[in-house]
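S.K.: Input: one structure, supplied below.
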Amino acid sequence: MRFVPRAGGVTALAALGLALVPTVPVQADASDSPSAIPCSVDALIDAIDAANAAGGGTIQLARKCVYRLVEVNNVGPSGDANGLPVIITPITIKGGKDSVIERSTAVGVPDFRIFEVADPAGALTLDGEGRGGDGWGTAAMANEVLAQHGIDRGRGDSELIVRNGSTTDEGGAVFVGEGRSLTLKSTVLTRNHADDAGGAVFAADGSTVVVSRSSVDKNTADGAGGGIAASETEVRLNSSSVDRNNGELGGGIATEGGTLSLRSTTVNKNRSTDDVGGVFTNNTPATFIRSEINENVAVGEAGGLFIVADPGIVTNFDRVEVKGNVAANAGGLVTSGITTIENSSITKNTANDDGGVGGGIVNLATLNVENTVIKENKATAANSQGGGLYNDDGTATLTDSKVVRNEAADGGGIFEEPGSTVDLIRTKVKDNEVNNCAPAGAVPGCIG
23 MRFVPRAGGV TALAALGLAL VPTVPVQADA SDSPSAIPCS VDALIDAIDA
73 ANAAGGGTIQ LARKCVYRLV EVNNVGPSGD ANGLPVIITP ITIKGGKDSV
123 IERSTAVGVP DFRIFEVADP AGALTLDGEG RGGDGWGTAA MANEVLAQHG
173 IDRGRGDSEL IVRNGSTTDE GGAVFVGEGR SLTLKSTVLT RNHADDAGGA
223 VFAADGSTVV VSRSSVDKNT ADGAGGGIAA SETEVRLNSS SVDRNNGELG
273 GGIATEGGTL SLRSTTVNKN RSTDDVGGVF TNNTPATFIR SEINENVAVG
323 EAGGLFIVAD PGIVTNFDRV EVKGNVAANA GGLVTSGITT IENSSITKNT
373 ANDDGGVGGG IVNLATLNVE NTVIKENKAT AANSQGGGLY NDDGTATLTD
423 SKVVRNEAAD GGGIFEEPGS TVDLIRTKVK DNEVNNCAPA GAVPGCIG
């Protein structure tokens with residue numbers, strides 16, 4: 023049988039208008055510095071308007087304040103409603119301890135996203151690093167989880183939370199227009215929703231998204247990218263989490279073109295209602311370093327990752343754990359283009375469809391695996407193939423690696439389709455069920 027991917031490209035991205043309007047009570051902390059704006063939505067709107075008029079600026083939020091938006095402020099250039107004024111200049115919003123910007127979830131409150139970043143010079147920075155010191159919020163709990171896995175995300179607390187945005191189009195919390203930028207520092211984007219792509223963030227062509235020591239968690243999208251969706255965008259995540267999001271294509275992250283970099287970042291426990299539980303890339307050169315892609319689930323193909331790439335597009339993994347992901351086919355990941363996986367582990371992933379293939383990896387092009395363990399993956403149903411590796415097309419070269427204790431109805435360790443090639447260099451393929459490699463004799467150096 024052949025692996026036939028069902029995942030499509032990310033839907034074309036259009037500019038979006040974000041709108042929200044405030045009317046909110048607040049409880050400002052008496053210890054706020056004189057530079058902090060009052061704890062009121064009107065004060066926040068006025069501060070953004072003033073910063074835009076001045077060509078940019080920094081806004082310090084009040085401590086222990088919830089800026090609760092209850093009405094649409096504007097319809098932005100994207101054509102959709104926003105709760106706060108459109109960001110058209112370089113603006114930094116700094117959180118105080120326990121600062122929150124949210125759309126009210128009360129009955130009758132309309133849908134709108136929180137922020138839109140637009141021309142002529144919009145650049146939004148959400149910065150929770152500067153105040154508070156002892157806060158213990160969503161990001162702090164995420165940090166504790168990361169620490170349990172040996173990932174240090176730096177600062178232990180988050181001072182700024184943006185939540186409950188809801189748009190009928192793209193980017194539930196933030197829509198980043200063409201050529202604009204978004205920077206998150208110690209910020210939490212949570213419980214936002216998009217009827218289209220990008221449950222928390224949608225970034226259009228030529229934009230930049232940089233996420234540091236932040237959490238993009240528990241967001242939902244009816245389209246691609248439950249957490250983040252990006253088209254022709256430079257996306258960089260460092261010491262962050264994209265966890266427990268839900269989307270149709272790419273439960274955690276979906277990109278088309280541009281570039282993607284994850285360092286010391288988790289993409290865990292996301293879910294896709296169709297294909298790709300964790301990360302979907304479509305012709306996006308990507309780098310994953312010292313990160314986790316664990317326990318993601320897809321109803322269709324690719325529990326952890328699906329790399330769609332033309333020849334020459336390069337994806338690199340170094341010290342990455344891909345573990346416990348589940349899908350109908352390709353429990354762990356699908357690779358194409360030129361993919362290199364080194365110093366990593368692909369373990370305990372499951373392909374559970376009847377006749378499913380690739381419990382660990384499905385390779386469609388050029389795959390280089392070095393000093394990596396492919397272990398205890400399963401293609402569980404009848405007629406399944408390739409518990410560890412299903413080499414559908416192209417060449418897979420495994421060097422100084424192990425393919426052990428994987429399971430499938432045929433090719434428990436490796437299944438090689440006719441016309442494809444698997445080369446083993448100082449690599450052990452053993453203790454797989456029901457056999458190590460199939461068809462018999464197809465993989466030189468593999469016995470049993």
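Numbering-wise (the numbering used here), the sequence shown opens with residue 23 and increments by one. We put the beta carbon where it would ideally sit given N, CA and C, even for glycine. Keep in mind the model is a prediction, meaning the values are calculated, not measured.
1) Helix, strand or coil for I67, going by three-state DSSP, please let me know.
2) May I ask you to list the residues that DSSP assigns as paired with A251?
3) Measuring straight from C-alpha to C-alpha, what distance separates F137 and G150?
4) For G249, tell me which candidate among V289, I360, V465, D227 has the shortest Cα-Cα distance.
5) Are the CB atoms of N241 and L211 nearer to each other than 8 Å?
6) Can you check which of these residues, T402, G410, A418, G408, is closest to I2 by C-alpha distance?
7) Is N74 helix, strand or coil when you go by DSSP?
8) How long is the line joining the alpha carbons of L389 and N304, rounded to whole angstroms?
9) Tell me which same chain residues have a C-beta within less than 7 Å of the C-beta of A252, skipping the five on either side of it?
10) For K345, which three-state DSSP category applies?
11) Grab the span of the beta strand (DSSP E) containing D340 for me, first residue to last.
12) With the cut-off set at 8 Å, would you say D265 and D239 are in Cβ contact?
13) Can you give the beta carbon distance from G199 to A222, rounded, assuming they're within the 8 Å contact cut?
14) Note the first and the last residue of the continuous beta strand (DSSP E) segment covering E256.
15) Just grab the DSSP bridge partners of D149 for me.
16) Any idea which residues DSSP pairs D445 with across the strands?
17) Just checking my contact of N393 with E429 at CB under 8 Å: how many whole Å lie between their CB atoms?
18) Can you give the Cα-Cα distance for A324 and F197, rounded to whole angstroms?
19) From what residue to what residue does the beta strand (DSSP E) around F310 run?
20) Do you know how far the Cα of D296 is from the Cα of T449?
21) For G78, I'd like the list of residues in its chain whose CB is within less than 7 Å of its CB, leaving aside the five on either flank, ordered along the chain.
22) Since A216 and T189 are thought to touch, with beta carbons under 8 Å apart, how far apart are those beta carbons, to the nearest angstrom?
23) Quick one: give me the first and last residue of the beta strand (DSSP E) that N292 is part of.
24) If I measure Cβ to Cβ from E192 and keep anything under 6 Å in the same chain, skipping five residues before and after, which residues do I get?
25) With 16 other CB atoms within 10 Å as the buried threshold, where does A308 fall?
26) Label K549 either buried or exposed according to how many other C-beta atoms from any shown protein chain fall within 10 Å of its C-beta, with 16 as the threshold for buried.
27) May I have the straight-line CA-CA distance separating T209 from D120, to the nearest angstrom?
28) How many Å lie between V319 and A349 at the Cα?
29) Classify N413 as helix, strand or coil using the three-state DSSP reduction.
30) Measuring straight from C-alpha to C-alpha, what distance separates V356 and S126?
31) My understanding is that R185 touches E124, with C-beta atoms under 8 Å, so please give their C-beta distance in whole angstroms.
M.R.: So, from the listed chains and residues:
1) helix
2) F224, A276
3) 16 Å
4) V289
5) yes
6) What is shown of the chain runs 23 to 470, which leaves residue 2 out entirely.
7) helix
8) 17 Å
9) A225, V231, T277, G280
10) strand
11) 336-340
12) yes
13) Not really, about 16 Å apart at Cβ, beyond 8 Å.
14) 256-260
15) K116, K207
16) T419
17) The Cβ separation is near 23 Å, so there is no contact.
18) 27 Å
19) 308-311
20) 35 Å
21) T111, P112, I113
22) 5 Å
23) Premise fails: N292 is in no beta strand (DSSP E) and is neither H nor E.
24) L38, A216, D218, A219, G220, F224
25) buried
26) As displayed, the chain neither begins before 23 nor continues past 470, which places residue 549 out of reach and without an answer.
27) 11 Å
28) 6 Å
29) strand
30) 40 Å
31) 5 Å
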